[in-house]
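Student:
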Amino acid sequence: MSSLTPSIGLTMDGIIGAFGFNFADGRIKAYPVKPHGRVKFRDRRYVRCVRGPRYGLNDFLDNGDGTITDRATGLMWMKRDSGKPMTWRQALAYAANLSHAGYDDWRLPNVKELQTIVDYGRAPDARFPAPMGPATDPVFDVTKEESWYWSSTPFIETGDACYVAFGQAFSAWKWRGKLMNAHGAGAMRSDPLQGNPADFPNGRGPQGDQIRIYNYVRCVRGGAARLVTTPPGSEELPADPRLGPPGSTGADPRAHFIRRLDRDGDERVSRSEFDGPPRGFSHFDRNGDGFISIDEAPTGPPPGRGGRQFRRPPPPRGMR
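So the numbering used here is basically just the index in the sequence shown, starting at one, shifted up by 1158.
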């Protein structure tokens, strides 16, 4: 399946590509858009369309303690990586034994989590100077620009484990005397769990994927991380004072609805957090952004509770 995300570097022997998802094996890579000036039949891809709020927009916060929180996902990341590459089993042990910034529940991210911090607008081989660099936000410290990062996700087709290339996804083959970028920065591929990279001088697979076996690690924790926006010991204030402090229901009667259902602490209710029927969520999500804010929240009890229906709040002034 094709996506609208282009590869800003050139893949294989100078091909312009766009990223796609292979539903046969779950891998992500750049596919040719116009190889050597001519589109061939085999370079045509299927398309599955989507609608709704934009997905994959990060909202990074540097916590100042060596951690980065992505407020878009609730995940807390290590600002730095492991500093040295390791095998997959070593990576699992490294994450399990890690204690950092007062937390000891760090883990190796699964491949979908790792994919959320890829920035496809950056690449070491970008065709323009400004976006040159590893395919992630500069808020993260990267030991080596051309680095691949392990995930905790096994690749059952081959018995490998999945990694994400934050540098170029190299082939062992060469073009113009240099290793070819086979799949594009941000590609998801797989490596053996252990072994000797020297045993794969020609790579593996139809594009001769380079086999490294020793990859870097960036640990993650949470999934519903709580943001600390004030110094330790001081009162934590919510972004919207109508909600009251965390743990309370606030003075506004709509705050009870938000506080009761808001599991990830972002002070709004997503479709997955909503405990009513789907049509109820659509009824309250008036702006169609996929969330119910306090301005959209009902002021009464849920339907069927106390014999009343939710009262939908009036539209904001200027929208009536």
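Don't be surprised by glycine CBs; every beta carbon is placed ideally from N, CA and C.
1) State the start and end residues of the unbroken alpha helix (DSSP H) segment that holds Trp1331.
2) Please confirm if the stretch 1293–1301 is in contact with the stretch 1347–1367, defined as three or more CB-CB distances below 8 Å between the two stretches.
3) Using the three-state DSSP reduction, which class does Leu1120 fall into: helix, strand or coil?
4) Just reading off the alpha helix (DSSP H) that Ile1226 is part of, what are its end residues?
5) When we look at the beta-carbon of Cys1207 and count the other beta-carbons within 10 Å, is it buried (16 or more) or exposed?
6) Could you tell me if Val1205 is buried or exposed, where buried requires 16 or more neighbouring beta carbons within 10 angstroms of its beta carbon?
7) Reducing DSSP to helix, strand and coil, say where Arg1247 ends up.
8) Under the rule that 16 or more other beta-carbon atoms within 10 Å means buried, what is Arg1421, buried or exposed?
9) Which one or two residues does DSSP pair with Pro1312 in a beta bridge?
10) Looking only at its chain, what residues have a beta carbon closer than 7 Å to the beta carbon of Ala1253, apart from the 5 residues adjacent to it on each side?
11) Here's the rule: buried if 16 or more other CB atoms are within 10 angstroms of the residue's CB, otherwise exposed. What is Lys1380?
12) Which class does Asp1447 belong to by DSSP, given the choice of helix, strand or coil?
13) Look at the alpha carbon of Gly1423 and the alpha carbon of Gly1241, and state the distance between them as a whole number of angstroms.
14) Please classify Thr1227 as buried or exposed, where buried requires at least 16 neighbouring CB atoms within 10 angstroms.
15) Suppose the cutoff is 7 Å on Cβ atoms and the five residues either side in sequence are ignored; what does the same chain contact list for Arg1347 look like?
16) Buried or exposed: which applies to Leu1233, given that a residue is buried once 16 or more other Cβ atoms fall within 10 Å of its Cβ?
17) Helix, strand or coil for Asp1357? Go by DSSP, reduced to three states.
18) So Asp1349 and Ala1319 are supposed to be a Cβ contact under 8 Å. How far apart are they, rounded?
19) Strictly by DSSP, which residues pair up with Asp1349?
20) What whole-angstrom Cβ distance do Arg1426 and Ser1451 have, given they're in contact under 8 Å?
21) I need the straight-line Cα distance from Arg1432 to Arg1238, nearest angstrom please.
22) Give the single residue among Thr1311, Arg1437, Gly1291 whose Cα lies nearest to the Cα of Lys1302.
23) Taking Ala1249 and Trp1308 to be in contact with their CB atoms under 8 Å, please state how far apart those CB atoms are, rounded to whole angstroms.
24) For a quick check, are the C-beta atoms of Phe1442 and Glu1454 less than 7 Å apart?
25) Taking buried to mean at least 16 other C-beta atoms within 10 Å of its own C-beta, is Val1386 buried or exposed?
26) Nearest to Gly1222 by alpha carbon, out of Met1236, Asn1216, Tyr1372, Glu1271?
27) Take Gly1210 as the anchor and find which of Pro1456, Thr1457, Arg1444 has the nearest alpha-carbon.
28) Compute the Euclidean distance between the alpha carbons of Glu1304 and Asn1216, then round it to the nearest angstrom.
29) DSSP three-state label for Arg1418, please.
30) Spatial neighbours of Arg1280 within its chain, please: C-beta separation below 6 Å, excluding the five flanking residues on both sides.
31) Can you tell me whether Gly1325 is buried or exposed? The criterion is at least 16 other CB atoms within 10 Å of its CB, across all chains shown.
32) Short check: CB of Arg1362 to CB of Ile1369, under 7 Å?
Tutor: The structure says:
1) Not the alpha helix (DSSP H): Trp1331 falls in the beta strand (DSSP E), residues 1328–1333.
2) no
3) The question about residue 1120 has no answer, for the chain in this structure spans 1159 to 1478.
4) Careful: Ile1226 lies outside any alpha helix (DSSP H), inside the beta strand (DSSP E) at 1225–1228.
5) By the Cβ-count criterion, Cys1207 is exposed, with fewer than 16 other Cβ atoms from all chains shown falling within 10 Å of its own Cβ.
6) exposed
7) helix
8) Around the CB of Arg1421, fewer than 16 other CB atoms lie within 10 Å, so the residue is classed as exposed.
9) Ala1319
10) Trp1264, Arg1265, Leu1266, Val1375, Cys1377
11) Sequence inspection shows Gly at residue 1380; the Lys mentioned does not correspond to that position. Under this definition Gly1380 is a buried residue.
12) coil
13) Cα-Cα distance, rounded: 32 Å.
14) buried
15) Arg1185, Tyr1321, Ala1323, Ala1327, His1341, Asp1367
16) Leu1233 sits buried, since 16 or more C-beta atoms from the chains shown fall within 10 Å of its C-beta.
17) helix
18) 7 Å
19) Asp1349 is bridged to Ala1319.
20) 5 Å
21) Note that residue 1432 is Phe in the sequence shown here, rather than Arg. Computed Cα separation, rounded: 35 Å.
22) Gly1291
23) 4 Å
24) yes
25) The pLDDT assigned to Val1386 is 40, lower than 50, so where the model puts this residue is not dependable; a value taken from the coordinates is nonetheless given after this. Exposed, since its Cβ has fewer than 16 Cβ neighbours within 10 Å.
26) Met1236
27) Arg1444
28) 22 Å
29) helix
30) Its chain contains Pro1289, Gly1291, Ala1293 as the residues whose beta carbon lies nearer than 6 Å to that of Arg1280, once the 5 sequence neighbours on both sides are disregarded; these appear in chain order.
31) Gly1325 comes out buried.
32) yes
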